Amino acid sequence: MKYNQGDIIQIDTYKKQLFVIVSKNAFIRATGIFHVCPILQNVLPGPVHIAINGKDKTKGTVICEQIKAIDPELRNCRRMDYLAYEDIMDISDVIQGLFEYD
């Protein structure tokens, strides 16, 4: 399956947890892996917690500081939903800010 930045996925080892793919599409195509951040319910938005609404009704808060690398060949992943480009930009801006120089 082809995955893209902004896809909301479920990973079998995290049964009820959803994640959003935050890696650039070029990185996913070049390496075959991607980075994800968890989407939690009942967490208030904040500087590194971004509220999202998926196109197919997924709602929650992306926890941008909890980045994980996933190899979809080794994990059973399923696409559940996807984000609007504006949400992807907000999440990417936060993640980039985490790694900028002081």
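Counted from 1, the sequence shown has number 96 at position 67 by my numbering; the numbering is strictly sequential.
Just so it is clear, CB atoms sit at the ideal spot from N, CA and C, and this is done for glycine as well.
Computed from a predicted structure; not experimentally measured.
Query	Result
Contact check, Ile99 vs Val123 under 8 Å by CB: the rounded distance?	With a Cβ gap of about 19 Å, Ile99 and Val123 do not count as contacting.
Start and end of the beta strand (DSSP E) containing Ala80?	His78 to Asn82
Let me check understanding here. Comparing Cα to Cα, which of Asn33, Glu94, Asp110 and Val49 lies closest to Ala59?	Asn33
According to DSSP, is Phe56 helix, strand or coil?	helix
From what residue to what residue does the alpha helix (DSSP H) around Met118 run?	Tyr114 to Leu127
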